[in-house]
Amino acid sequence: YTPLYLSEIASANNFAKPVIITFDDGYSDVYQNAYPILKKYNLKGNLYVITDWVGGPVYVNWDMVKEMDKSDFMEIGSHTATHRNLASLSAEKMDMEMKKSKETLEEKLERSVDTIAYPYGGYNNQTLEIAKKYYKYALSTNEGKENSKNLNLLSLNRYYIYRDMTFDTFKKIVN
């Protein structure tokens, strides 16, 4: 398998077995546990942070976010400002959630941020239209693999890997 950043998904068809490893919410255990493993094995991961929650009791702080983003092992993306289900919001509030998060991340990381993971996977046609204004790539929680030759860039599928999932179940998903 070849791990990629979500921002590299357009090149996925150049690899026999591309995979995009994602972590949502920005919990500090990603920094404490997953990030060292990614570094140890020279793997790429993607962390989607809720910008208004950065620095909260169980979340990464900005120093952690910046360190991971500057490394070769983790790319930071948006998980909105406050983690509200976008599909349940008015267009104005949906726009604010996506725009504010993008602006905050770009200011803190000093680079363009073009990826988002929709909280709860929630989106609708209006979400897609607004996301298109700010992002190139968006992750849903629609279960499934993607066909790298026919990507729906603003509602990409993925598999949820549960903490108690057996290795046999995991192997069935990735094969």
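Just so it is clear: in the sequence shown, position 57 is 90 by our numbering, and no numbers are missing.
C-beta: ideal position from N, C-alpha, C; glycine also.
DSSP-derived helix/strand/coil call for Val52: strand
Burial state of Gly230 (16 or more Cβ within 10 Å): As shown, the chain starts at 34 and ends at 208. That puts residue 230 outside it, with no answer to give.
Residues near Leu138 in its chain [Cβ-Cβ closer than 7 Å; skip 5 each side]: Thr84, Ile109, Ser111 and Val146
Whole-angstrom distance between Ile42 and Ala49, CA atom to CA atom: 13 Å
Beta-carbon proximity list for Gln159, same chain, < 6 Å, skipping 5 on both sides: Ala124
Inter-residue spacing [alpha-carbon to alpha-carbon] between Gly89 and Asn75: 29 Å
DSSP three-state assignment for Glu108, whether helix, strand or coil: strand
Inter-stretch contact (C-beta, 8 Å, three-pair minimum) for the stretch 192 to 208 and the stretch 59 to 70: no
For Tyr156, three-class secondary structure by DSSP: coil
Beta-ladder partner(s) of Thr148, from DSSP: Tyr170
Cα-Cα separation, Met127 to Thr199: 37 Å
Per DSSP, the bridge partner or partners of Gly78: Met107
Helix, strand or coil at Pro69 according to DSSP, with G and I counted as helix: helix
Proximity winner among Tyr38, Tyr167, Asn46 and Thr55, relative to Tyr192 (alpha-carbon distances): Thr55
Status (buried if at least 16 other CB within 10 Å, exposed otherwise) for Glu176: exposed
Short Cβ contact (9 Å threshold) for Gly155 with Leu119: yes
Short Cβ contact (9 Å threshold) for Tyr30 with Thr174: This structure does not reach residue 30, given that the chain is present from 34 up to 208, and the question cannot be answered.
Alpha helix (DSSP H) segment containing Thr84, residue limits: No alpha helix (DSSP H) contains Thr84, which DSSP labels as neither H nor E.
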